[in-house]
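As structure tokens, the structure follows; a few thoughts come after it.
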Amino acid sequence: MYPSLTFDVARAAWIAATARELEGFAEANRAELDACDRACRFPRELYRELGARGYLAPMVPAEYGGLGGGVAEYAVISEEVGRHGLVSGQIASQGQRWLLDWGTPEQKDRWLAPLSSGEAVFSESISEKNAGSSFRNLTATAVRDGSDWVLTGSKTHVNLGPASDVTLFYAVAEEGLTSFLVDMTLPGISTQQTDPVGLRLIPTGDVVFDAVRVPASAILGVPGGGLETFLSTFNISRLGNASELIGLARRALELGLRYARTREVGDSMVTDFQGIQWMVSDAWQAVQAASLARDHAALWHHAGHDIAFETSVAKRLAIDAAEKASETSFSLTGGHGLYTDEPYHSILSDIKVLKVGGGSSEILRNYLARRILKDPGHEGLA
Ligand SMILES: Cc1cc2nc3c(=O)[nH]c(=O)nc-3n(C[C@H](O)[C@H](O)[C@H](O)COP(=O)(O)OP(=O)(O)OC[C@H]3O[C@@H](n4cnc5c(N)ncnc54)[C@H](O)[C@@H]3O)c2cc1C
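Per our numbering, the very first residue in the sequence shown carries number 1; after that it's consecutive.
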């Protein structure tokens with residue numbers, strides 16, 4: 001695990017302790033996690049408990065109640081969340097990143113500490129019915145009215161939308177795409193929970209803004225700077241996506257192997273069959289490759305470089321690894337794995353959602369191809 005992030009002895013000890021604690025936490029709360037997953041319900045108390053232990057804010061400085069770490073800590077926690085089927089702090093981390101990179105002192109003082117402790121919940125209201133992969137067809141509007149702004153638009157697929165206390169709302173202003181940090185208790189906001197197949201512990205919802213009046217201080221960054229705020233945070237959050245996918249891949253393989261090692265078929269165990277062994281070997285290699293790419297991106301960021309290319313490679317490899325591992329887990333478990341009270345279908349569904357959210361597999365491939373064709377000297381290709 002964490003092939004190159006364990007390079008540093010102190011960090012290796014922290015990683016081992018974190019992995020143990022999150023595994024223990026997940027096992028102690030397995031029944032509640034499973035019930036919430038089935039019901040598509042946000043386990044708010046468990047989320048708060050993770051926040052109290054610092055696991056919702058790996059990159060937030062200690063003065064705001066975070067762990068004070070960097071992308072390595074973020075990657076480790078995200079992977080362990082996937083590996084143990086825990087409620088994800090991914091959306092909180094994105095919100096915190098936005099605040100740290102673009103927030104005014106007032107915005108940071110208001111939101112960073114409660115988002116770190118899990119007392120407040122963040123959501124990002126970007127996608128619309130007719131605008132997902134591309135911003136071109138976004139219809140939400142932001143119109144100046146005196147010193148205020150009036151926001152109108154319908155967002156969809158918003159993780160934790162109905163449960164959130166604050167959302168980052170993307171709308172088109174005269175100056176162009178603009179992001180607003182909006183208190184969800186303001187008049188004119190309504191939500192409706194939806195029912196996705198995966199990531200059901202952080203359910204999605206529609207978020208509708210009907211002439212919501214906000215002060216100019218709600219803008220994150222500057223009017224017209226929405227694309228910049230979006231890209232800066234998504235480059236890092238892809239590292240979290242990749243890590244969660246790697247964790248899901250490990251979970252699928254570990255659980256599948258635990259079953260298959262003791263499952264007799266005739267006078268053999270499932271793991272005695274060479275066809276099965278090769279699948280395990282291929283899936284494990286894919287997980288290792290994705291882990292190395294993810295670690296490389298984390299270390300590259302730590303060294304102060306732009307990581308748009310590296311995180312896209314890591315996420316793409318992590319998607320492939322997770323799909324391969326999930327497929328293998330079904331071969332390891334046969335009919336036993338094909339029931340809703342077994343975890344394998346839920347792992348597969350989480351993988352499918354992570355494959356689309358935060359930059360779909362196809363969009364990442366387009367981006368990588370563009371970079372490779374335009375800039376073959378890029379160090380990511382060395
Ligand atoms: C469970 C879930 C949670 C989500 N959470 C959030 C959230 O919290 N906040 C939020 O704002 N959004 C969220 N999303 C929305 C997500 O970001 C979008 O679904 C995603 O960006 C894809 O947009 P789309 O679904 O509209 O697909 P479309 O843009 O309609 O694309 C359809 C298909 O075409 C592919 N495609 C698109 N363009 C190209 C191209 N140029 N070349 C090749 N293929 C292409 C896409 O990859 C996709 O497979 C979530 C979605 C889901 C399902």
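Just so it is clear, CB atoms sit at the ideal spot from N, CA and C, and this is done for glycine as well. Because the structure is a prediction, the values reported are computed rather than measured.
Check	Outcome
Beta-carbon contacts of Y367 that lie in its chain and below 6 Å, excluding the five residues immediately before and after	S312
Ligand 3 heavy atom lying under 6 Å from the CB of T185	Although ligand 3 was asked about, the structure shown includes only ligand 1 as ligands.
Continuous beta strand (DSSP E) assignments of at least 3 residues falling wholly in the stretch 83-147	122-125 and 141-145
Burial state of D350 (16 or more Cβ within 10 Å)	buried
Endpoints, the alpha helix (DSSP H) within which D282 is located	Q274 to H302
Buried versus exposed, by CB contacts within 10 Å (16 or more), I202	buried
For R365 and A382, the rounded distance between their alpha carbons	Caution applies to A382, whose pLDDT of 35 falls short of 50 and renders its modelled position unreliable; the value that the coordinates give is listed next. Taking the straight line joining both Cα atoms gives about 18 Å.
Residue of T204, V71, L186 and N235 minimising C-alpha distance to W149	L186
Neighbourhood of S237 by C-beta distance below 8 Å, restricted to the same chain and skipping five residues each side	Q90, S93, Q94, R97 and G358
Secondary structure of A57, DSSP reduced to three states	coil
CB of S4 within 7 Å of CB of D306, strictly	no
Unbroken alpha helix (DSSP H) run spanning Y259, endpoints	G226 to A260
Chain-order list of residues whose beta-carbon lies under 6 Å from that of G68 (same chain, five-residue window excluded)	P61 and A62
Three-state secondary structure (DSSP) of S268	strand
Minimum C-alpha distance to A218 - residue among K108, S134, E310 and Q192	K108
Coil, strand or helix - V81 by DSSP	helix
Rounded distance between the beta-carbons of G118 and R48, thought under 8 Å	4 Å
Per-residue DSSP class, three states only, for N29	coil
The stretch 166-185 touching the stretch 123-133, judged by at least three CB pairs closer than 8 Å	yes
Cβ neighbour criterion (16 or more within 10 Å) applied to P278	The residue you asked about is not Pro; residue 278 is Trp in the sequence shown. Under this definition W278 is an exposed residue.
For A314 and A249, the rounded distance between their alpha carbons	14 Å
Proximity test, E362 beta-carbon vs ligand 1 heavy atom, cut-off 6 Å	yes
Buried versus exposed call for K129 [16 or more other C-beta atoms within 10 Å across all chains shown]	exposed
Cutoff 6 Å; reference G198; Cβ partners in own chain excluding five residues on either side	S349, D350, K352 and V353
Beta carbon of L332 nearer than 7 Å to that of A260	yes
Assigned exposure category for Y2 - 16 Cβ within 10 Å defines buried	buried
Sequence-distant residues of its chain with Cβ nearer than 6 Å to G66 (five each side left out)	A57, V60 and S116
Backbone secondary structure at I319 - three-state DSSP	helix
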